[in-house]
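Asker: Keeping their order, the protein sequence lines are chains A and B. Each residue of the first sequence is one higher than the one before, counting from 1 in our numbering. Each residue of the second sequence is one higher than the one before, counting from 1 in our numbering. Ideal placement from N, C-alpha and C gives every residue a C-beta, glycine not left out. Would you mind keeping the following structure in view while I ask a few things?
There are 2 protein chains.
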Amino acid sequence: MNKSKAAVYIVEDDASFRKSTERLIRASGFDVISFESANSFLAQAHLRHPACLLLDVRLPDIDGLDLQHKLIERGVSLPIIFMTGHGSIPMSVQAMKKGAVDFLPKPFEVKELHSAILRALERDIDIRKKEGKAKRIRSLIDRLTPREKEVLRWVITGKLNKQIADRMGTTEKTVKVHRGRVMQKTRVKSVAELVRLAEKVKIPPAV
Amino acid sequence: MNKSKAAVYIVEDDASFRKSTERLIRASGFDVISFESANSFLAQAHLRHPACLLLDVRLPDIDGLDLQHKLIERGVSLPIIFMTGHGSIPMSVQAMKKGAVDFLPKPFEVKELHSAILRALERDIDIRKKEGKAKRIRSLIDRLTPREKEVLRWVITGKLNKQIADRMGTTEKTVKVHRGRVMQKTRVKSVAELVRLAEKVKIPPAV
DNA sequence: TTGTCTATTAGACCTTAGGCCAATATCTAA
DNA sequence: TTAGATATTGGCCTAAGGTCTAATAGACAA
Chain A
1 MNKSKAAVYI VEDDASFRKS TERLIRASGF DVISFESANS FLAQAHLRHP ACLLLDVRLP
61 DIDGLDLQHK LIERGVSLPI IFMTGHGSIP MSVQAMKKGA VDFLPKPFEV KELHSAILRA
121 LERDIDIRKK EGKAKRIRSL IDRLTPREKE VLRWVITGKL NKQIADRMGT TEKTVKVHRG
181 RVMQKTRVKS VAELVRLAEK VKIPPAV
Chain B
1 MNKSKAAVYI VEDDASFRKS TERLIRASGF DVISFESANS FLAQAHLRHP ACLLLDVRLP
61 DIDGLDLQHK LIERGVSLPI IFMTGHGSIP MSVQAMKKGA VDFLPKPFEV KELHSAILRA
121 LERDIDIRKK EGKAKRIRSL IDRLTPREKE VLRWVITGKL NKQIADRMGT TEKTVKVHRG
181 RVMQKTRVKS VAELVRLAEK VKIPPAV
């Protein structure tokens, strides 16, 4: 949406390079928050969004690639653009395999950096949107009782109430009640919507 | 499945390197089919599968990266492993961005090549499986008449027959008939299955 | 011209789904 | 012990889905 409010995190130990890059990015209309080490960045409790990370590979404490790995492990899906003065092909390949948006050898063109940032921010917006949606859906589904969840899985499998009752060892009447509550609690008005909802949070159909 | 029958295509102009690589891969139990130029590879009418492509970046006719691009344009989803003696970081990054499985600077370890091939073949199997499934589904859906397709889209949106009839300017009866035929032709027994089917071939719900 | 495919509609009939009200039983937390 | 959540079932009634038979009509191909 409003990209002028987007944040670009920079983790770079070379002070002069960091500052000049900072100025450059600010000039493009982004907010910049910089760090001179990986750990000081990790100490950040809260990340803004949309945002992306401009990351130097060689750092005093943690290697840039290791930081990338740590973020993935923690489930932080912040798009990363690597910068490096002494990179190698295997290094760049590894970074890209793990989902980096780009890998820029210093010195690089301002245009390249700018386009990489735009791509990274777009990706962040995309991811956040999906994550947000999945979160909202999960919170709805968490309100279902165990029995209701069971019915949900059979319903999205396409089974009739009668069949569900058989498999669950109960009566059709009971299934109907559970089913009705599932529809209420998940706020959908049709099985089709329910199936789509379940897909988004990867609830598999029952056996 | 049976990886011993997998094919590895090699496109490499350096004859000695090509032959030694060929031997190496054959020793791992794969079939190898090699070419000394991109065009001779492109002339191949039919690709085997599972398979992957070991591609040199610098070639006499077409650049390896351009070949990758051409394959993508043609909708050929063959996993590619690049090899190169004079590569650069931007080159490897570009290749990876476009979906290469790996990018190996010569000389590389046999182990690396081997693991890259295994990953590439697995990816190919995955892709083929999905493509095959999508193809089968599309062939089912192609047998639907225009009117039936229209009904299909409304059904997977979760609309009632009555509502569909309104929007299509016809009667509920007619919708029921179309709907019944859609279920028959697509061989599903429930709306839930139909929704899942449509998802797999990316048929969007109606407005 | 004839025949097939497609689209449309009707009527009859049966099955499913879903909502409303009421009641019972269990279990847990306050 | 009591209130609340959960699971269960029944009866009753309406709406919606699904199938079958049958008929009409236009488009297109042999």
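Using Cβ-Cβ distances below 8 Å, what residues of the stretch 97-118 of chain B are close to chain A?
Answerer: Listed by position, the residues of the stretch 97-118 of chain B near chain A (Cβ gap below 8 Å) are K97, D102, F103 and P105.
Asker: Report buried or exposed for H178/B, applying the criterion of at least 16 other Cβ atoms within 10 angstroms of its Cβ.
Answerer: Within the second sequence, numbered from 1, the residue matching residue 178/B stands at position 178. Its Cβ being crowded by 16 or more others within 10 Å, H178/B is buried.
Asker: Pop quiz: I80/B and A51/B are said to be a contact at Cβ under 8 Å. What is the actual Cβ separation, rounded to whole angstroms?
Answerer: Counting from 1 along the second sequence, the entry for residue 80/B is found at position 80. Counting from 1 along the second sequence, the entry for residue 51/B is found at position 51. About 11 Å separates the two Cβ atoms, so there is no contact after all.
Asker: Below 8 Å on the Cβ atoms is my contact criterion, and I expect M96/B with V93/A to pass it. Report the Cβ-Cβ distance as a whole number of Å.
Answerer: Counting from 1 along the second sequence, the entry for residue 96/B is found at position 96. Counting from 1 along the first sequence, the entry for residue 93/A is found at position 93. Their Cβ separation, rounded to whole angstroms, is 6 Å, which keeps M96/B and V93/A in contact under 8 Å.
Asker: Name, please, each residue of chain A whose Cβ falls closer than 7 Å to the Cβ of V195/B.
Answerer: Residue mapping note: residue 195/B aligns to position 195 of the second sequence, counting from 1. Ordered by position in chain A, the residues that pass the 7 Å Cβ test against V195/B are A192, V195 and R196.
Asker: Name the residues in the stretch 139-172 of chain A whose C-beta lies less than 9 Å from a C-beta of chain B; which are they?
Answerer: Those residues of the stretch 139-172 of chain A that come within reach of chain B (Cβ to Cβ, closer than 9 Å) are V155, I156, T157, G158, K159 and L160.
Asker: Does the beta carbon of I89/B come closer than 8 Å to any beta carbon on chain A?
Answerer: As a working mapping, residue 89/B is identified with position 89 in the second sequence. Chain A contact via Cβ: present.
Asker: Taking E92/B as the query, report the chain A residues whose CB atoms sit under 9 Å from its CB, ordered along the chain.
Answerer: Indexing the second sequence from 1 puts residue 92/B at position 92. The residue asked about is misnamed: residue 92/B is Ser in this sequence, not Glu. Near S92/B (Cβ distances below 9 Å), the residues of chain A are I89, P90, S92, V93, M96 and F103.
Asker: Tell me which residues share the same chain as F35/B and place their Cβ nearer than 6 Å to its Cβ, disregarding the 5 neighbours each side in the sequence.
Answerer: Taking the second sequence and counting its residues from 1, the one referred to as residue 35/B is at position 35. For F35/B, where only same-chain residues beyond five positions count, the Cβ hits under 6 Å are V11 and F41.
Asker: Among S37/B, R143/B, T186/B and Q163/B, which has the Cα closest to the Cα of S190/A?
Answerer: What you label residue 190/A is simply residue 190 of the first sequence in a count that begins at 1. For S190/A, the nearest C-alpha among the options comes from Q163/B.
Asker: Do you know offhand how far K111/A's Cα is from K98/B's?
Answerer: Residue mapping note: residue 111/A aligns to position 111 of the first sequence, counting from 1. Residue mapping note: residue 98/B aligns to position 98 of the second sequence, counting from 1. Looking at the two C-alpha atoms, the distance is approximately 20 Å.
Asker: Can you give the Cα-Cα distance for K5/B and E172/B, rounded to whole angstroms?
Answerer: Locating residue 5/B in the second sequence gives position 5, where the first residue counts as 1. Locating residue 172/B in the second sequence gives position 172, where the first residue counts as 1. Near 54 Å, if we compare the C-alpha coordinates of E172/B and K5/B.
Asker: Taking C-beta to C-beta, are E131/B and R181/B nearer than 8 Å?
Answerer: On the second sequence, residue 131/B is found 131 positions in, with the first residue counted as 1. On the second sequence, residue 181/B is found 181 positions in, with the first residue counted as 1. No; because the gap between Cβ atoms is not below 8 Å, this pair is not in contact.
Asker: Can you tell me where the alpha helix (DSSP H) holding L47/B begins and where it ends?
Answerer: On the second sequence, residue 47/B is found 47 positions in, with the first residue counted as 1. Taken as a continuous stretch (DSSP letters only), L47/B belongs to no alpha helix (DSSP H), as it is neither H nor E.
Asker: If I follow the unbroken beta strand (DSSP E) through P105/B, where does it start and stop?
Answerer: By one-based count along the second sequence, residue 105/B stands at place 105. Note, P105/B: beta strand (DSSP E), D102 to P105.
Asker: Going by beta carbon distance, what residues of the same chain come within less than 8 Å of W22/A, once the five residues before and after it are set aside?
Answerer: Here residue 22/A refers to the residue found at position 22 of the first sequence. What sits at residue 22/A in the sequence shown is Glu, not Trp. Here the set comprises I10, V32 and S34.
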